[in-house]
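K.L.:
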Ligand SMILES: Cc1cc2nc3c(=O)[nH]c(=O)nc-3n(C[C@H](O)[C@H](O)[C@H](O)COP(=O)(O)OP(=O)(O)OC[C@H]3O[C@@H](n4cnc5c(N)ncnc54)[C@H](O)[C@@H]3O)c2cc1C
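Residue numbers (the working numbering): 159 to 400.
1. Please name the residue, chosen from 304, 164 and 197, that lies closest to residue 230 on a Cα-to-Cα basis.
2. Measure the alpha-carbon distance for residue 393 versus residue 302 and round it to whole angstroms.
3. By alpha-carbon positions, which one of 391, 384 and 234 ends up nearest to residue 159?
4. Would you tell me roughly how many angstroms separate the C-alpha atoms of residue 294 and residue 269, rounded to the nearest one?
5. Excluding five sequence neighbours on each side, which residues of the same chain lie with their C-beta closer than 6 Å to the C-beta of residue 166?
6. Hey, would you say residue 178 sits closer than 9 Å to residue 340, going by beta carbons?
7. Hey, quick one: how far does the beta strand (DSSP E) through residue 171 stretch, first residue to last?
8. What do you reckon, is the C-beta of residue 280 under 8 Å from a heavy atom of ligand 1?
9. Would you call the CB atoms of residue 337 and residue 244 closer than 9 Å?
10. My guess is that residue 176 and residue 242 are in contact by the Cβ rule of under 8 Å, so how many angstroms apart are they, rounded?
11. Pick out the complete beta strand (DSSP E) segments inside the segment 184-251, 3 residues or longer, and give them in chain order.
Here it is, written out as structure tokens:
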């Protein structure tokens with residue numbers, strides 16, 4: 159039996175300096191009502207949401223997913239807080255069915271050591287313009303990593319120099335190594351839309367970095383929280399949200 163309360167405020171590391179944590183959820187883990195029950199109850203609203211026993215409830219969830227009666231999954235809601243590099247946020251915010259709040263580089267000075275440096279350098283795929291395939295050999299990779307670190311350090315030093323001259327934070331940040339800067343943000347999304355996000359971003363053709371966050375979100379939080387809904391979703395090859 160998973161301790162759902164323990165899932166709250168327990169960040170899971172992602173990439174070199176990032177993490178994702180579940181801040182809040184509906185139903186709240188302390189309510190004693192499971193997310194799977196909420197889906198069943200809302201689908202059976204005409205009968206005042208009565209459970210017909212574990213096996214019948216499970217079959218109902220599978221039926222709903224299979225036949226794309228997806229609105230009951232909208233009554234389960236997650237709020238995540240995560241620290242991710244801008245290259246990940248850039249893709250994540252395209253998912254319009256989530257609500258977002260992000261820290262503001264206009265409001266606070268961005269810290270010195272909060273940049274993403276990849277462990278490996280992937281090579282450009284030859285047959286897919288958006289994808290990567292294989293890795294740069296280690297000696298060249300080490301050189302490139304050192305170059306990126308130096309580039310980040312130089313950009314950050316210029317940022318500090320601009321701030322010291324009195325330049326506004328909103329403009330001084332033009333010097334930063336943009337795509338690699340880590341930002342902290344909040345995301346709230348219901349389960350139906352989370353499945354849609356996860357199907358797209360856990361897929362093989364999603365960029366590795368966002369796939370790492372989507373996988374952590376699913377495995378560490380969504381699946382323990384709504385296990386039967388996830389079982390039904392997985393049984394359709396993760397295509398159940400369409
Ligand atoms: C592998 C991959 C590569 C990508 N490459 C690019 C790229 O090169 N360039 C680029 O710009 N984007 C790219 N994207 C982003 C992609 O086009 C979508 O914006 C993103 O995946 C969000 O999907 P969505 O619109 O279905 O999700 P959401 O925004 O969460 O919307 C969910 C669903 O709600 C409905 N919906 C939401 N808003 C509207 C609306 N305004 N009108 C009608 N229906 C709506 C649609 O049915 C939609 O599927 C890529 C995504 C992936 C996964």
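Note that the Cβ used here is the ideal one computed from N, Cα and C, for glycine as well.
P.N.:
This is what the structure gives:
1. Checking every option, the nearest Cα to that of residue 230 belongs to 197.
2. So the alpha carbons of these two residues sit roughly 42 Å apart.
3. It is 384.
4. About 30 Å.
5. Closer than 6 Å at the Cβ level, and outside the excluded window around residue 166, lie 180.
6. Not closer than 9 Å, so no.
7. Taken as a continuous stretch (DSSP letters only), the beta strand (DSSP E) holding residue 171 covers 170-172.
8. Result no, Cβ not under 8 Å from ligand 1.
9. Going by C-beta atoms, residue 337 is nearer than 9 Å to residue 244.
10. At roughly 5 Å, the Cβ-Cβ gap stays under 8 Å, so residue 176 and residue 242 are in contact.
11. With a minimum length of 3 residues, the continuous beta strand (DSSP E) runs that stay inside the segment 184-251 are 235-243.
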